Each structure stands twice: as C-alpha cells, then as structure tokens.
Amino acid sequence: MDKSWLQKGRCSPEYFQGCMEFLEFAWSHRPSKLGDTIYCPCINCINRFPLSKNEVKEHILEQGILRTYTRWTKHGEAEEDVINIRDETRNVNNGDGMHIMLQDDEHI
1 MDKSWLQKGR CSPEYFQGCM EFLEFAWSHR PSKLGDTIYC PCINCINRFP LSKNEVKEHI
61 LEQGILRTYT RWTKHGEAEE DVINIRDETR NVNNGDGMHI MLQDDEHI
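FYI, full-length UniProt numbering numbers position 81 of the sequence shown as 81, with every residue one higher than the one before it.
Given below as structure tokens:
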C-alpha cells in the first residue's frame, strides 16, 4: 500500500484520501478484542488509546497522523520484517566464539 500521503500536508487531497484508506484498512483488520474501536495514530494519541472510527478520523484529519508510522502494526500489518531482523541478529553468533573475542578486544 502506498503511504506517500503520510508526508503530504493535511489540507491536500492525497492526505485526505490516504486517511480514508487507512481508516478502512484499520477497521477491517482490527482485533475483535477492540470491539468498535481502533488505536488512534494521531500525533497526540500515538496509538495509545482505542477510539471509535469517527473519533480517529477526526483526530488524524485535524491533528495529523504520525508521519513515521509507516508499518501499521497496531492496525493489521504484519511485524514479519521486525521478526526477520531479530532472527538475523541472533544468527550473527554462529558458535565460533568471535563475538567473545571482539568483546574482549574492546577492553584492551
């Protein structure tokens, strides 16, 4: 999904259309435990508070959405890229003891 609208001004048609698409995506992917609410990604709520769809719409249109919120993990997008990075980091230590030697070398 194109998220370039996140960088547009709040008065632009692209921003408005992007907000509407975000709301539909978030609403259709909300966990059942949230009931009739979704987390609000506005610059004040910062995904901390579940609000009604209309309240979130009002917040992101009037206050703005977090421009850095490009991986919508609170709204149904998978965290697989984050998990893959963690797995790669774990695989750096391949059992040859190199990481210990490097740590020891830092203290010389």
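We put the beta carbon where it would ideally sit given N, CA and C, even for glycine. The model shown is predicted, which means the values in this text are computed figures rather than measured ones.
Can you grab the Cα-Cα spacing for the pair residue 111 / Ser52, in whole Å? The chain is shown only over 1 to 108; residue 111 falls outside these bounds and no answer can be derived.
Alpha carbons only, please: which of Phe49, Glu62 and Lys57 is nearest the one belonging to Leu34? Taking the first residue of the sequence shown as 1, we reach residue 34 at position 34. Nearest of Phe49, Glu62 and Lys57 to Leu34, Cα basis: Phe49.
Is Ala26 buried or exposed, if buried means 16 or more other CB atoms sit within 10 Å of its CB? Here the question's residue 26 lines up with position 26 in the sequence shown. With 16 or more other Cβ atoms within 10 Å, it is buried.
Within a Cβ cutoff of 6 Å, which residues of the same chain sit near Pro41, ignoring the five residues on either side of it in sequence? For this step, residue 41 is matched to residue 41 along the sequence shown. Excluding sequence neighbours, Pro41 sits near Asn47, Ile65, Leu66 and Tyr69.
Look up Pro31 in the DSSP assignment and say whether it is helix, strand or coil. Numbered from 1 along the sequence shown, position 31 holds the residue referred to as residue 31. Of the three classes helix, strand and coil, the one that applies to Pro31 here is coil, per DSSP.
Buried/exposed call for Arg10, threshold 16 Cβ in 10 Å: Here the question's residue 10 lines up with position 10 in the sequence shown. It is exposed - the Cβ of Arg10 has fewer than 16 other Cβ atoms within 10 Å.
Per DSSP, the bridge partner or partners of Leu51: In the sequence shown, the residue the question calls residue 51 occupies position 51. Partner(s): Ile38.
Beta-carbon proximity list for Asn44, same chain, < 6 Å, skipping 5 on both sides: On the sequence shown, position 44 is the one that residue 44 refers to. Gln63.
For Ile65, does the three-state DSSP call read helix, strand or coil? Counting from 1 along the sequence shown, the entry for residue 65 is found at position 65. Three-state DSSP puts Ile65 in a strand.
Helix, strand or coil for Ala78, going by three-state DSSP, please let me know. What you label residue 78 is simply residue 78 of the sequence shown in a count that begins at 1. Here Ala78 sits in coil by DSSP.
For Thr73, name the three-state secondary structure that DSSP assigns. Numbered from its first residue, the sequence shown carries residue 73 at position 73. Thr73: helix per DSSP, three-state reduction.
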